[in-house]
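Below: the structure, in structure tokens.
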Amino acid sequence: MKRILAFVLGLGGLLSAAVVHANPPGPLADWGQSPQAYFMTSAERMQWAGISTSAEAETFVDDFVASRGGTAWLAEVEKRTAIADKYLSFGKVKGSQTIGGKMLVLFGAPDSVEITDRKVTTKRVNKPMVDPNNVGGTSGGLGPAEDGSRAATTTPGSTFRDFTFTFFRKSVPGLQREELITGVTVDLVNGKMALKDKKQQADLDAIFESVAAASVVKK
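Residue numbers (our numbering): 411 to 629.
This is how it looks when you write it as structure tokens:
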């Protein structure tokens with residue numbers, strides 16, 4: 411138990427984008443937001459949410475890790491977390507804390523990745539200045555140009571990096587389709603990541619659940 415708990419505490423401090431529940435007291439308080447917790451099923455999340463003591467939390471995590479394969483599973487999660495942090499960290503946001511990081515931790519390395527950078531600029535059409543003493547009259551020096559044109563100003567916007575991941579069923583236990591193609595976009599200014607298609611969230615939640623259930627190797 412002590413060896414497993416050491417692994418758990420090593421990763422337990424890495425916060426993630428997982429659903430946040432009331433944390434139990436003690437050294438495992440943040441475990442429910444760690445990359446390891448991505449592998450919890452909805453039923454296990456309900457159990458974790460009901461834990462109120464440090465002893466109960468330790469027993470839950472001990473049983474949870476054992477059901478996934480013990481120290482070998484912990485080592486694999488640690489490796490996947492390191493990969494997510496290496497390739498998906500931007501600014502002060504760690505990759506393992508993002509939706510993209512959750513995919514890499516739960517699914518493993520994608521079968522293919524496409525990366526595209528793009529810039530978004532803002533174009534503003536300036537309103538013409540009108541002489542308040544000459545409204546409705548002929549245009550003066552402050553009025554619009556005779557051809558009706560207006561000056562446009564272009565200002566720099568944000569730079570984004572888009573990741574498109576492809577996962578094959580043969581590579582992801584619990585993936586109940588031949589392939590999954592999904593993508594995330596990162597604002598390189600603030601490091602925030604989001605799904606490129608937010609409508610895909612419900613579909614991904616169902617996939618996360620099936621993959622989490624498939625991670626159980628010992629009941």
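Even glycine gets a Cβ: it sits at the ideal position worked out from N, Cα and C. Just so it is clear, the structure is predicted and the values come from calculations on it, not from any experiment.
- The bridge partners DSSP lists for R528 are F570.
- Per DSSP, reduced to three states, the secondary structure at T595 is strand.
- Cα atoms of A623 and T531: separation of roughly 44 Å, rounded to the nearest angstrom.
- For L605, the enclosing beta strand (DSSP E) has its first and last residue at 603-605.
- In the three-state reduction of the DSSP assignment, V627 falls in the coil class, being assigned neither a helical nor a strand state.
- In the DSSP assignment, the residues bridged to S522 are T576.
- Assignment of L585 by DSSP, reduced to helix, strand and coil, places it in the coil class.
- Proximity to S620 across L605, R579, N600 peaks at R579, based on C-alpha coordinates.
- Following the DSSP letters along the chain, one finds A482 inside the alpha helix (DSSP H) bounded by residues 481-498.
- Rounded to the nearest whole angstrom, the C-alpha separation of A612 and L605 is 11 Å.
- Taking 7 Å as the cut-off, the Cβ atoms of V515 and A494 count as close.
- If you check the CB distance, T569 and K529 come in under 7 Å.
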